[in-house]
Amino acid sequence: MRAIRQLVRFGWEQALSCVFPVVIFASLALTQLISLPLLPRYDCLLVICLLMQWWMLRSGLETRDELKVITLFHLIGLVLEVFKVHMGSWSYPEEGYVKIFGVPLYSGFMYASVASYLCQAWRRLQVELICWPPFWIVVTLAAAIYLNFFTHHFWVDIRWWLSALVLIVFWRSWVAYEVNGTRYRMPLALSFVLIGFFIWIAENIATFFGAWEYPNQTEAWSLVHLGKVSSWLLLVIVSFLIVATLKQVKDKIR
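Just so you know, the sequence shown maps onto residues 9 to 262 in our numbering.
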């Protein structure tokens with residue numbers, strides 16, 4: 009019985025941490041089903057994201073430090089989106105006033121929502137890292153993973169080598185978290201895989217509601233290829249490494 013209560017409490021904390029992503033998905037569904045006046049859909053989504061960000065900060069659901077991290081992710085994601093759209097990896101076919109090189113500004117919030125989840129789950133579950141690798145290794149690995157999203161268009165794709173390197177570097181690393189005063193832990197690599205898989209599910213929901221469009225979805229929606237899990241897995245790893253590094257730097261300053 010206690011195990012069920014703990015699972016329910018864990019699920020509740022996870023749900024609270026996912027408020028921003030849930031609002032984005034709900035907005036995608038709503039704007040797909042209902043035609044909104046005055047502004048194109050992409051611009052309406054941007055307004056909703058900005059209002060949600062303001063409300064989370066004003067209500068205390070999000071701290072100023074977390075907002076700084078989320079803003080960083082918005083910029084990182086927007087740069088990646090501009091490049092990927094330019095290379096034809098996916099597209100945003102609908103009209104919009106606030107677009108940069110064919111990319112609507114709301115798209116950066118989809119990356120920011122991942123950072124929002126990580127920051128809030130970190131705080132709510134009192135996350136602690138065990139056997140965390142040295143700073144320079146983590147930063148170098150995160151940079152290499154992020155750069156590979158760009159360079160594989162011109163050079164060999166080394167995502168599988170990077171994935172293997174992640175397993176080697178974090179083989180002894182664990183993530184500890186707390187639920188109702190009880191501490192648990194799991195291998196860090198397993199948490200990466202789980203988060204990456206659920207983001208792949210979220211990607212299928214997002215493309216179904218027209219958040220963006222892959223080349224094979226121009227005629228009709230189809231399931232996002234399972235191979236995309238590897239891309240999301242690496243993106244999650246980059247996100248986690250950045251958040252973890254910033255948290256550790258802040259703790260040292262204190």
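Every residue gets a Cβ at the ideal spot worked out from N, C-alpha and C, and that includes glycine.
Use the C-beta contact count for residue i: other C-beta atoms within 10 angstroms, 16 or more gives buried, fewer gives exposed.
{"i": "Leu175", "result": "exposed"}
{"i": "Thr190", "result": "exposed"}
{"i": "Tyr105", "result": "exposed"}
{"i": "Pro29", "result": "buried"}
{"i": "Leu41", "result": "exposed"}
{"i": "Ser43", "result": "exposed"}
Rounded to a whole number of angstroms, what is the C-alpha to C-alpha distance between residue i and residue j?
{"i": "Pro48", "j": "Leu113", "result": "13 Å"}
{"i": "Tyr119", "j": "Gly85", "result": "6 Å"}
{"i": "Ala18", "j": "Val187", "result": "The sequence given here has Phe at residue 18, not Ala. Roughly 6 Å separates the two Cα atoms."}
{"i": "Ala210", "j": "Ile145", "result": "30 Å"}
{"i": "His160", "j": "Gly68", "result": "41 Å"}
{"i": "Ser117", "j": "His82", "result": "It is Phe, not Ser, that sits at residue 117 in the sequence shown. Looking at the two C-alpha atoms, the distance is approximately 6 Å."}
{"i": "Phe216", "j": "Val201", "result": "23 Å"}
{"i": "Cys139", "j": "Thr148", "result": "18 Å"}
{"i": "Thr79", "j": "Arg167", "result": "26 Å"}
{"i": "Tyr192", "j": "Val77", "result": "26 Å"}
{"i": "Ser124", "j": "Phe91", "result": "23 Å"}
{"i": "Met9", "j": "Gln22", "result": "20 Å"}
{"i": "Leu126", "j": "Pro141", "result": "19 Å"}
{"i": "Ala37", "j": "Ile108", "result": "23 Å"}
{"i": "Phe143", "j": "Leu137", "result": "13 Å"}
{"i": "Met95", "j": "Ile12", "result": "47 Å"}
{"i": "Ala172", "j": "Arg180", "result": "14 Å"}
{"i": "Asp165", "j": "Phe33", "result": "31 Å"}
{"i": "Arg66", "j": "Phe162", "result": "44 Å"}
{"i": "Val111", "j": "Leu241", "result": "23 Å"}
{"i": "Leu46", "j": "Ser121", "result": "26 Å"}
{"i": "Gln14", "j": "Trp20", "result": "10 Å"}
{"i": "Glu74", "j": "Thr253", "result": "13 Å"}
{"i": "Gln61", "j": "Lys255", "result": "21 Å"}
{"i": "Val16", "j": "Arg72", "result": "29 Å"}
{"i": "Val93", "j": "Asp51", "result": "18 Å"}
{"i": "Val27", "j": "Arg131", "result": "14 Å"}
{"i": "Tyr100", "j": "Thr39", "result": "15 Å"}
{"i": "Trp98", "j": "Ser199", "result": "28 Å"}
What does DSSP give as the partner residues of residue i in its beta bridges?
{"i": "Tyr100", "result": "Bridge partners of Tyr100: none, in fact."}
{"i": "Lys107", "result": "Pro112"}
{"i": "Trp182", "result": "Ile138, Pro195"}
{"i": "Val187", "result": "Thr190"}
Just to confirm, is the Cβ distance from residue i to residue j under 8 Å?
{"i": "Leu133", "j": "Tyr185", "result": "yes"}
{"i": "Met194", "j": "Trp208", "result": "no"}
{"i": "Leu59", "j": "Ser35", "result": "no"}
{"i": "Ala152", "j": "Phe178", "result": "no"}
{"i": "Tyr154", "j": "Val246", "result": "yes"}
Can you list, in chain order, the residues of its chain whose CB lies under 7 Å from that of residue i, leaving out five sequence neighbours each side?
{"i": "Ile203", "result": "Val244"}
{"i": "Leu88", "result": "Phe157"}
{"i": "Leu170", "result": "Ala152, Ile153, Asn156, Leu242"}
Output needed for residue i: all residues of its chain with C-beta closer than 6 Å, excluding positions within five of it in sequence on either side, in chain order.
{"i": "Ala129", "result": "Ser25"}
{"i": "Cys249", "result": "In the sequence as presented, Cys is not what sits at residue 249; that position holds Leu. The answer, listed in chain order, is Val146, Ala150."}
{"i": "Cys57", "result": "Tyr114, Phe117"}
{"i": "Glu103", "result": "Pro48"}
{"i": "Met64", "result": "Glu70"}
{"i": "Val31", "result": "Met60"}
Report whether the distance from the Cβ of residue i to the nearest heavy atom of the ligand GDP is below 7 Å.
{"i": "Leu46", "result": "Ligands in the displayed structure: none, and consequently the ligand GDP is not present."}
Only counting the same chain, and skipping five residues up and downstream in sequence, which positions put a Cβ closer than 8 Å to that of residue i?
{"i": "Val135", "result": "Ala129, Val183, Ala184, Tyr185"}
{"i": "Val55", "result": "Leu47"}
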